[in-house]
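To keep things clear, I will list the structure first and then write my remarks on it.
There are 2 protein chains.
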Amino acid sequence: MVEDAITDGATGGAETCCTPPGDVDSDAMATDLQVLTAMGNDTRYELLRRISNADDGVCVCDLEAAVGVSQSAVSQALSRLYAAGLVTRRKEGSWRYYEPTETTAALLETLDDLRGAHE
Amino acid sequence: MVEDAITDGATGGAETCCTPPGDVDSDAMATDLQVLTAMGNDTRYELLRRISNADDGVCVCDLEAAVGVSQSAVSQALSRLYAAGLVTRRKEGSWRYYEPTETTAALLETLDDLRGAHE
DNA sequence: CGCTTGTATAAGCTATTGCTGATATGGTAG
DNA sequence: CTACCATATCAGCAATAGCTTATACAAGCG
Numbered sequence: 001m002v003e004d005a006i007t008d009g010a011t012g013g014a015e016t017c018c019t020p021p022g023d024v025d026s027d028a029m030a031t032d033l034q035v036l037t038a039m040g041n042d043t044r045y046e047l048l049r050r051i052s053n054a055d056d057g058v059c060v061c062d063l064e065a066a067v068g069v070s071q072s073a074v075s076q077a078l079s080r081l082y083a084a085g086l087v088t089r090r091k092e093g094s095w096r097y098y099e100p101t102e103t104t105a106a107l108l109e110t111l112d113d114l115r116g117a118h119e
Numbered sequence: 120m121v122e123d124a125i126t127d128g129a130t131g132g133a134e135t136c137c138t139p140p141g142d143v144d145s146d147a148m149a150t151d152l153q154v155l156t157a158m159g160n161d162t163r164y165e166l167l168r169r170i171s172n173a174d175d176g177v178c179v180c181d182l183e184a185a186v187g188v189s190q191s192a193v194s195q196a197l198s199r200l201y202a203a204g205l206v207t208r209r210k211e212g213s214w215r216y217y218e219p220t221e222t223t224a225a226l227l228e229t230l231d232d233l234r235g236a237h238e
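Chains as they are written, first to last, in the numbering used here: chain A, 1 to 119; chain B, 120 to 238.
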């Protein structure tokens, strides 16, 4: 819903500070925040990059050594990424393989583009 | 710099767990994380959305009421967004106006697209 | 000039986060 | 079966984030 009917006309002719607020879709906000907070962490970001670089799927055992935290921490991080819809996971034998989702690919690409653009 | 030399496709041998690690560019990582952590917060995300919705620039006084935290908190949040390169700020009279950068526009658009795409 | 308004900064307190170590689960091999 | 490997979950702790209040700075106006 969008609220307007703002009272700022009352501040006088020349004194309106700025534009009226337009509300933010709180459902979109929740979804986006889950994604952003999931990516916005050293460990999880690096895991995501590594998973994205290896198109074949990566298992936890490999990632653990790479990012320098415990197996438990990696598992927790991956669960969080999964919950946020940033990776898929499939089981194969006794290993679990993680792969990036479209969301991850799109966001990392956007970030890459931005860095390239104005630096 | 993409490293590959992936040879494991065959998990049939059941020995190689997965692909070798390819290191992540730590400079890119720092930049991206600054952006992601800046956006990945209720208050700052909503500020960013509101700033983006109002193309004219928004001043702090307007935002304060909208997001429901103190003036101080809004100011701190905006400073953080500025530091992350997500908003520009210009002073006009005694007010300060914030506007979104290209980075913000691109990321929010990507997020919007993603939500629209697979839901 | 000093008052008022708009914004920024400082200090401090609490809630949350992200780790570690220990333990549980599930699959595989001997 | 038991032992073992890869991964997940639990519990607890240390670090950080984000808020509040109080205060400082800056600009317009009486």
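All residues carry an ideal CB built from backbone N, CA and C; glycine is no exception.
* Asked: Using the C-alpha atoms, what's the distance from A:Asp23 back to A:Leu108?
  -> 28 Å
* Compute the beta-carbon to beta-carbon distance between B:Leu182 and B:Leu166, rounded to the nearest angstrom, for a pair I have assumed lies under 8 Å. => About 6 Å; that satisfies the 8 Å criterion.
* Asked: Where do the N-terminal and C-terminal ends of the alpha helix (DSSP H) with B:Val188 fall, by residue?
  -> No alpha helix (DSSP H) holds B:Val188; DSSP gives it neither H nor E.
* Asked: Would you call the region 50-59 of chain A and the region 85-102 of chain A touching, i.e. three or more CB-CB distances under 8 Å?
  -> yes
* Leaving out five residues before and five after A:Val166 in sequence, what residues of the same chain have Cβ atoms less than 8 Å from its Cβ? -> This structure does not reach residue 166 of chain A, given that chain A is present from 1 up to 119, and the question cannot be answered.
* Element boundaries [beta strand (DSSP E), containing B:Thr207] -> Segment Val206 to Glu211, the beta strand (DSSP E) holding B:Thr207.
* Asked: Which whole-angstrom value is the C-beta distance of B:Ala225 and A:Thr110, which I expect to be below 8 Å?
  -> 6 Å
* With B:Val154 as the anchor, note down where its alpha helix (DSSP H) starts and where it stops. => Ser145 to Met158
* **Start-to-end residues for the alpha helix (DSSP H) that takes in B:Thr162** => Asp161 to Asn172
* Closest by CA to A:Val74, which one among A:Tyr45, A:Lys91, A:Glu92 and A:Gly85? -> A:Tyr45
* Could you tell me which of B:Gly212, B:Ala149, B:Asp161 and B:Val154 sits nearest to B:Ala185, measuring between CA atoms? => Per the C-alpha coordinates, the member of B:Gly212, B:Ala149, B:Asp161 and B:Val154 positioned closest to B:Ala185 is B:Asp161.
* Residues of chain B with CB under 9 Å from A:Tyr45, in chain order? -> Val143, Met148, Asp151, Leu152 and Leu155
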